[in-house]
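In this note's numbering, the protein residues as written are 1 to 315. In what follows, a structure is listed as structure tokens, so that the remarks can point back to it.
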Amino acid sequence: MFAPDLSVFSPSAISAETTAINRTILDSISSLPDQWSFPLAQLRAERARGLGPFPLPPKSPRAVNEEIDGGAGKINIRIISPQNPTGVYLHIHGGGWVLGAADQHDARMEQLVTQCGIATVSVDYRLAPEHPHPAGPDDCEAAALWLIENAKARFGTERLLIGGESAGAHLAVITLLRLRNKHSISAFCGANLVCGCYDLALTPSARQWGEEKLILNTRDMEIFVDHFIPDGFSLADPDISPLHENLGNLPPALFTIGTKDPLLDDSLFMANRWASADNSSDLAIYPGGAHVFIAFGGQLAAQGNSRIEAFLRDC
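Here it is as structure tokens:
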């Protein structure tokens with residue numbers, strides 16, 4: 001079990017640079033209309049064009065889109081690979097199960113390819129509310145099974161890693177549990193879990209966060225969950241809230257979280273449950289880090305990304 005250095009939670013531990021980055025995030029979001037006043041199709045289109053509150057990272061010229069079979073049709077995966085990769089990272093994007101796309105993460109995937117020598121495979125899973133649970137998890141499960149079957153022939157390696165940010169971290173854990181529970185497979189050697197949501201009934205930090213929109217607030221979480229989970233499903237179902245599952249026989253995991261993230265408790269709780277199930281569990285807590293702070297530059301992001309890269313290399 002973890003006994004984190006309590007100094008990371010002190011306001012004095014937050015650097016002036018991190019404070020300035022958080023202020024810029026808050027100012028950028030507050031200058032825009034409420035995102036929930038627009039149709040989701042419009043939100044997605046504007047994000048894809050880089051018209052949201054933050055610049056859209058450039059697309060990779062090396063990225064290749066490919067379609068694989070899923071239970072409900074074709075699934076797009078986006079591949080960036082070096083020559084002779086040492087492993088393959090199955091990446092699942094965030095966006096509250098409602099927003100986002102694989103090609104919006106090319107810049108970070110390029111960094112992982114360069115720094116770790118691995119190939120990246122990003123999944124364009126179906127989004128809610130048009131495709132609510134279990135559609136997204138089903139697509140991620142199908143992508144994982146495809147990778148397990150094809151990694152050796154396609155990439156020359158069977159060293160597989162998995163991970164994602166926010167909703168992507170949630171879906172990565174769901175995928176690992178489905179592989180274990182439904183297929184008796186434990187093929188992945190590491191899980192990179194960044195700012196994940198693991199209890200969709202909301203942990204105390206998410207419930208008590210309030211209105212401040214430092215990327216994400218309590219209302220956002222409630223709306224995302226409402227879009228993702230249809231009526232009739234229990235939020236305590238472990239296939240929905242993996243914090244409630246038996247977590248035995250899972251790979252080593254790195255949990256990355258900032259202290260200014262509404263989902264702080266999710267990582268604190270899940271990292272300890274991961275360890276108590278006799279899995280290797282590493283919890284990295286960053287003073288003042290906002291939700292998915294690793295995407296917003298500065299020394300804190302550099303530290304977080306460097307530790308993630310070391311974890312993926314060393315799994």
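Don't be surprised by glycine CBs; every beta carbon is placed ideally from N, CA and C.
Annotation: the continuous alpha helix (DSSP H) that includes Arg23 extends over Ala16 to Ser30. When secondary structure is reduced to three states using DSSP, Asp69 falls in the strand class.
Beta-bridge annotation (DSSP): His91 is paired with Ser122 and Gly163. Gly288 is not a Cβ neighbour of Thr256, given a cutoff of 8 Å.
By the neighbour-count criterion, in which 16 or more other beta carbons inside 10 Å mark a residue as buried, Lys74 falls on the exposed side.
Contact between Thr120 and His91 is confirmed by a C-beta separation of about 5 Å, below the 8 Å threshold.
DSSP places Ala201 in no alpha helix (DSSP H); its state is neither H nor E. For Ala144 and Ser81, the gap between their C-alpha atoms comes out near 17 Å.
The segment 210 to 247 is shown to contain whole alpha helix (DSSP H) runs of 4 or more residues at 218 to 228, in chain order. For Ile14, same chain residues with a beta-carbon under 6 Å away, outside a window of 5 residues either side, are Pro287 and Gly288 in chain order.
Where Ile148 is concerned, the enclosing alpha helix (DSSP H) starts and stops at Ala135 to Phe155. Beta bridge pairing from DSSP links Ala253 with Ala191 and Ser281. For Trp274, the enclosing alpha helix (DSSP H) starts and ends at Leu264 to Ser276.
Residue environment analysis places Leu51 among the exposed positions, since fewer than 16 neighbouring C-beta atoms fall within 10 angstroms of its C-beta. In the DSSP secondary-structure assignment, Arg78 is bridged to Asn65 and Ser122. Per DSSP, the unbroken alpha helix (DSSP H) holding Arg307 starts and ends at Gly298 to Asp314.
Within the same chain, Ser60, Arg62 and Ile80 come within 8 Å of Glu110 by CB-CB distance, once the 5 residues on both sides are set aside.
Rounded to whole angstroms, the separation of the alpha carbons of Gly248 and Ala135 is 25 Å. In the structure shown, Gly258 adopts extended strand secondary structure according to DSSP, grouped into three states.
For Ala41, the enclosing alpha helix (DSSP H) covers residues Leu40 to Ala48. For the options Leu112, Gln104, Asn150 and Val173, the alpha carbon positioned closest to that of Asp138 is the one of Val173. Boundaries of the alpha helix (DSSP H) harbouring Thr114: Asp106 to Cys116, taken from the DSSP string. Check the Cα spacing between Gly70 and each of Ala295, Leu147 and Gly298: the tightest is with Leu147.
Here the segment 232 to 248 makes no contact with the segment 185 to 192; the two share fewer than three CB pairs at distances below 8 Å. Taking one beta carbon from each stretch, the segment 226 to 244 and the segment 292 to 309 have fewer than 3 pairs nearer than 8 Å; the two do not touch. Put simply, of Arg108, Thr19, Ile29 and Ser122 the residue whose alpha carbon is nearest the alpha carbon of Ile68 is Ser122. Taking a C-beta distance under 8 Å as the contact criterion, Gly96 and Asp220 qualify as a contact pair. Nearest to Arg178 by alpha-carbon distance, out of Thr203, Leu127, Pro238 and Leu216, is Pro238. The C-alpha of Thr19 lies about 10 Å from the C-alpha of Ile25.
A residue is called buried when at least 16 other Cβ atoms come within 10 angstroms of its Cβ; Gly190 meets this threshold and is buried. If you draw a straight line from the Cα of Leu40 to the Cα of Ala48, it comes to about 12 Å. In this structure Gly94 is not in contact with Gly163, their Cβ atoms being roughly 11 Å apart against a cut-off of 8 Å.
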